Amino acid sequence: MCRGGRVTLFLFHCLDGDDGARLRLEHRDAHLAYVAAHMEDYAVAGPLKSDGVPVGSVLVIRGADEAAARARLADDPYFLAGLWREVRVHEFAAVAGEWVGGATWLREGG
Numbered sequence: 014m015c016r017g018g019r020v021t022l023f024l025f026h027c028l029d030g031d032d033g034a035r036l037r038l039e040h041r042d043a044h045l046a047y048v049a050a051h052m053e054d055y056a057v058a059g060p061l062k063s064d065g066v067p068v069g070s071v072l073v074i075r076g077a078d079e080a081a082a083r084a085r086l087a088d089d090p091y092f093l094a095g096l097w098r099e100v101r102v103h104e105f106a107a108v109a110g111e112w113v114g115g116a117t118w119l120r121e122g123g
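Converting from the sequence shown to my numbering requires adding 13 to each position, the first position being numbered 1.
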């Protein structure tokens with residue numbers, strides 16, 4: 014999806030519904046295969062946990078625009094199974110931290 018052109022990061026904050034544990038177990042393999050097949054679109058992704066138990070997910074998806082990032086999420090087996098009762102999305106600017114190589118504003122041309 015993100016080959017060439019302008020790419021923006023979109024952070025999806027997804028909270029599991031009441032049947033989250035069962036749906037995660039039932040659809041985990043398909044979800045992981047889907048993410049692996051589209052790895053170039055993911056900056057980072059993983060479960061949110063409370064006391065070691067998954068309660069949601071965070072996915073930072075690259076896209077030309079929000080619609081493209083939402084389309085990637087919409088085909089995820091977890092999304093299709095109705096795992097998440099709430100999904101919030103925000104454009105995300107990764108400007109500081111180890112993952113982005115420090116403080117991006119201090120780089121030449123930053």
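All residues carry an ideal CB built from backbone N, CA and C; glycine is no exception.
As the structure is a computational prediction, the values presented were derived from the model and not from experiment.
I want to see whether chain B comes within less than 7 Å of Arg37, judged by CB atoms only; does it? Checking the listed chains, one finds no chain B in this structure; it contains a single protein chain.
So Pro67 and Arg35 are supposed to be a Cβ contact under 8 Å. How far apart are they, rounded? Position 54 of the sequence shown holds residue 67. Position 22 of the sequence shown holds residue 35. Actually they are not in contact, since the Cβ atoms of Pro67 and Arg35 sit about 12 Å apart, beyond 8 Å.
Who are the near neighbours of His103 in its chain, counting only those whose CB is closer than 6 Å to its CB and skipping five residues on each side? Here residue 103 refers to the residue found at position 90 when the sequence shown is read from its first residue. Result list for His103: Leu24, in chain order.
Taking the CB atoms as reference points, tell me whether Asp42 and Leu96 lie closer together than 7 Å. Reading the sequence shown from its first residue, position 29 is the one you call residue 42. Reading the sequence shown from its first residue, position 83 is the one you call residue 96. No, Cβ-Cβ distance for Asp42 and Leu96 is not below 7 Å.
Own chain residues within Cβ distance below 6 Å of Gly69, not counting five before or after: Stepping through the sequence shown from its first residue, residue 69 is reached at position 56. Correct list, in chain order: Cys27, Leu28, Asp29, Leu61.
Within the same chain, show all residues whose beta-carbon is closer than 7 Å to that of Arg98, passing over the 5 residues directly before and after it, in chain order. Numbered from its first residue, the sequence shown carries residue 98 at position 85. Closer than 7 Å at Cβ, skipping near neighbours: Leu28, Asp29, Gly30.
What is the rounded straight-line gap between the Cα of Val48 and the Cα of Arg120? Your numbering for residue 48 matches position 35 in the sequence shown. Your numbering for residue 120 matches position 107 in the sequence shown. Between Val48 and Arg120, the C-alpha separation is close to 31 Å.
Assuming contact is defined by CB atoms lying nearer than 7 Å, are Val73 and Ala46 in contact in what I supplied? In the sequence shown, the residue the question calls residue 73 occupies position 60. In the sequence shown, the residue the question calls residue 46 occupies position 33. Their beta carbons are not under 7 Å apart, which means Val73 does not touch Ala46 by this criterion.
Helix, strand or coil for Arg101, going by three-state DSSP, please let me know. One-based indexing of the sequence shown puts residue 101 at position 88. Looking at Arg101 - three-state DSSP - the assignment turns out to be strand.
Status (buried if at least 16 other CB within 10 Å, exposed otherwise) for Leu109: Locating residue 109 in the sequence shown gives position 96, counting from the first residue. Note on identity: in this sequence residue 109 is Ala, with Leu being the wrong assignment. Label assigned to Ala109: exposed.
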